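Going by the numbering used here, the first residue of the sequence shown is number 1178, and it counts up by one from there.
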Amino acid sequence: MDCMRMIEPAPAVALMGVEKRFGDYMAVRETSLTVPDGAFVTLLGPSGCGKTTTLRMIAGLTDPTRGDIQVKGRSVTAVPIHKRNLGLVFQNYALFPHKSVFDNVAFGLKYRDMPRAEIARRVRETLALVQLPHVEDRRPNQLSGGQQQRIALARAIVIQPDVLLLDEPLSALDANLRGEMRVELKRIQRELGIATVFVTHDQSEALAMSDILVVMNQGWVEQVGPPEEVYNHPASAFVADFLGHSNILPGTVAGEDGGFLRVRTDAGPEILCHARDRAGRPVGRRVRLVMRAERLLLAADHDSGPGCNLLAARVRTVDYLGQSARYFLTTTGADGDPVAGVDLQAINPIDRHPVPEGAPVSVRIRGEDCVLLDGDDDG
Ligand SMILES: Nc1ncnc2c1ncn2[C@@H]1O[C@H](COP(=O)(O)OP(=O)(O)OP(=O)(O)O)[C@@H](O)[C@H]1O
Ligand SMILES: [Mg+2]
């Protein structure tokens, strides 16, 4: 109904069956995605998975081989870049070295038939927003990397774009500055309420900043959702492994116990899993069991509690990380116990000293923290 359509605003960006081929090489496979108005959407994935290509297609820098792209409900596939009203920031911020900061920021407004006083007002407002109000007359090389990146951002947002497109804008900055800038960037995005597509291969950046996370792999979108959902309920082994560290054990559904499924892993131990993943997984079905390293808790006691798995193990090696440690463990079990000899990793916060190498430990994992994926016999 038309009146229904009026109530629901068009998404800021919609990709509909978009595909990009370079010769025989499929850089982006058929992808459909929407960026809701005002949302911060992150494309996350390893090098070469198609993030930049996707962003460039939205920007109009690369033509899709197939499919349609809409901005605010209007197809832009045939609209040239300068008519798409998008703000772009790339990794190497490409400011004009011989222009002042003022002229760099004002550049975006140059072709918009705007009175000089209005241009000056907008540039100053935007410089205040990125918290660099007193550098108008300087040249880019008289600014730090972080300041230059703020100017690049100011230049992108001064035009009041419909969508902000950011390709690894923080990756040239050192770790501390990067952390500060990501808070800053999020603040500015929220203040302007501007729909943003952000590209990164840094998972902590993606988890911290996004309203919606899009995990890509080899030109495919593997999973889309709020960061917490994607993190806690990975839809594939790739996502489980790429976001954080996961233990992935193949096994077979062996039975059901109250609200839990019993999974006999090929490596030996039987693990109780929350039965939320039960649908289509009868006894005998092959599965892969995903347990995040941070959810394996090293405990001194042997008290498992209901719905909790407990495995005896020994610490093989420890990676000391400051506030936490990453433990490489091997399960032990009693004499002749088939649970012995499974390699697991656990990441736990540490008080002062990590558990030492060689120490015997109990490893606790709640059935609720185990996620089931289809196993090796499922297509
Ligand atoms: N102009 C081009 N011609 C041919 N192949 C290309 C071209 N641009 C990109 N590709 C290929 O497409 C694939 C996706 O590239 P893209 O730049 O989108 O990756 P990315 O996810 O942004 O990676 P990174 O994290 O390294 O920036 C890569 O294998 C790349 O080599
Ligand atoms: Mg890239």
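We put the beta carbon where it would ideally sit given N, CA and C, even for glycine. Keep in mind it's a predicted model, so treat the numbers as computed, not measured.
- The Cβ atoms of L1449 and R1439 sit closer than 8 angstroms to each other.
- In this structure, M1358 and G1222 do not form a Cβ contact; the two beta carbons are roughly 21 angstroms apart against a cut-off of 8 angstroms.
- In the assembly as shown, G1396 is a buried residue. Its beta-carbon has 16 or more other beta-carbons within 10 Å.
- Residue ranges of uninterrupted beta strand (DSSP E) with 3 or more members, entirely inside the stretch 1483-1525 and ordered along the chain, are 1485-1497, 1501-1508.
- Distance between R1315 and P1257, taken at the CA atoms: about 32 angstroms.
- Per DSSP, D1418 is one residue of the alpha helix (DSSP H) stretching across 1414-1419.
- Collapsing the DSSP output to three states places P1346 in coil.
- Less than 8 angstroms separates the beta-carbon of R1493 from that of E1534.
- Every beta strand (DSSP E) of 3 residues or more that sits fully in the stretch 1237-1273 is shown, in chain order, as 1243-1248, 1263-1266.
- Distance from the CA atom of A1456 to the CA atom of L1549, rounded to whole angstroms, is 11 angstroms.
- Here DSSP, grouped into helix, strand and coil, assigns D1214 to coil.
- With a cut-off of 8 angstroms on Cβ pairs, the stretch 1338-1355 is in contact with the stretch 1263-1281, counting three or more such pairs.
- Contact check for G1244 against M1193 passes: the beta carbons are separated by less than 8 angstroms.
- Inter-residue distance for R1465 and F1437 is about 15 angstroms (C-alpha atoms, whole angstroms).
- In the structure shown, A1385 falls within a helical segment according to DSSP collapsed to helix, strand and coil.
- Nearest to R1233 by alpha-carbon distance, out of V1278, V1416, T1254, is T1254.
- With the criterion CB distance below 7 angstroms from any heavy atom of ligand 2, the matching residues run K1228, T1229, D1344, E1345, V1376 along the chain.
- In this structure, the straight-line span from the alpha carbon of L1341 to that of A1189 is close to 10 angstroms.
- With a 10 Å radius around the Cβ and a threshold of 16 neighbouring Cβ atoms, R1367 comes out exposed.
- Under the DSSP assignment, R1332 falls in the alpha helix (DSSP H) whose first and last residues are 1322-1334.
- With a contact defined as Cβ atoms closer than 8 angstroms, V1430 and V1467 miss out at about 15 angstroms.
- For F1199, the shortest separation between its Cβ and any heavy atom of ligand 1 lies below 7 angstroms.
- Taking the CA atoms as reference points, P1213 sits about 20 angstroms from E1382.
- Q1400 sits in a strand when the DSSP states are folded into three classes.
- Beta-bridge partners assigned by DSSP to P1427: R1465.
- A distance below 6 angstroms between beta-carbons, with the five flanking residues on each side excluded, links A1470 to the following residues of its chain, in chain order: H1422, Q1522, A1523, I1524.
- One thing to note: V1335 has its Cβ within 8 angstroms of the Cβ of L1286.
- Pairwise C-beta distances place the stretch 1525-1544 in contact with the stretch 1488-1505, as three or more of them are shorter than 8 angstroms.
- Sorting L1306, L1354, Q1319, R1355 by C-alpha distance to the C-alpha of A1333 places L1306 at the top.
- Placement of the Cβ of G1222 at a distance of less than 7 angstroms from at least one heavy atom of ligand 1 is found.
- Among the bridge pairs identified by DSSP, R1359 is matched with none.
- Excluding the 5 residues flanking it on each side, V1278 has same chain C-beta neighbours closer than 6 angstroms at V1312, E1313, R1315, I1328, in chain order.
- Scanning L1362, E1361, K1363, V1416 for the CA closest to the CA of Q1380 turns up V1416.
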